[in-house]
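Numbering-wise, our numbering comes out as the position in the sequence shown, counting from 1, plus 2. Virtual Cβ for every residue (Gly too), placed ideally from N, Cα, C. Note that the coordinates shown come from a computational prediction; the quantities given were computed from them, not determined experimentally. Below is one structure; the comments refer to it alone.
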Amino acid sequence: MEDWRKDQEIVVMEGRIKVPYRWAAGEVGTRYLQALRDEMRFLGTRCPGCGIVYHPPRRNCPDCERECGEWVELGERGTLLTYTVVRRHHPQLSPLPLPFGYGIVRLEGADTGFLHLLYEFQEGELRAGLPVEAVFAQEREGSVLDVRYFRPVREVG
Ligand SMILES: [Zn+2]
């Protein structure tokens, strides 16, 4: 059968779809976000099979599929694994004044990293392996953005 579309012009329309959504965080997500909001504590879960401590916490291990029933308290400091610096303002996508960064941070006591914002760093300071610490928001509402961002650890004294 002949393809009737082969000689047709393809008209492309540019657009942006905004999709607001709400859903329950679930049992594991709720406990995690409550600890962030109410106690400014990070929690992870440990897999009883392979011993991996997941942060953010997971109900089930994606490697061995066991249920991760053990909760583990993590530090509010961690290690920057990788990052990028944003130097161009975008009116809808810039959560902090420029320059800020996005980084993967592995918290003390965790085996996995998670994506968060980076701020209060000097030009050229960011590197893989840099110790970073969480800066919590004054007003917290049960979101991962109850942590405003991570910044390089500054030792006092
Ligand atoms: Zn496992």
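If you draw a 10 Å sphere on the C-beta of His91, you find fewer than 16 other C-beta atoms in it, and that means exposed. By DSSP's assignment, Glu135 forms a beta bridge with Arg79 and Arg153. Per the C-alpha coordinates, the member of Ala130, Pro133, Arg142 and Tyr121 positioned closest to Tyr151 is Tyr121. Within 7 angstroms of the C-beta of Gly51 there is at least one heavy atom belonging to ligand 1. Segment contact: the region 141-156 against the region 125-133, three or more CB-CB distances shorter than 8 angstroms; contact assigned.
The region 34-48 and the region 13-20 do not touch, with fewer than 3 CB-CB distances between them shorter than 8 angstroms. Taken through DSSP and simplified to helix, strand or coil, Val146 comes out as helix.
Note on geometry: alpha-carbon atoms of Leu82 and His118 lie some 10 angstroms from one another.
Going by C-alpha positions, Phe116 is about 7 angstroms away from Arg108. In this structure, the beta-carbon distance from Gly111 to Leu76 falls below 8 angstroms.
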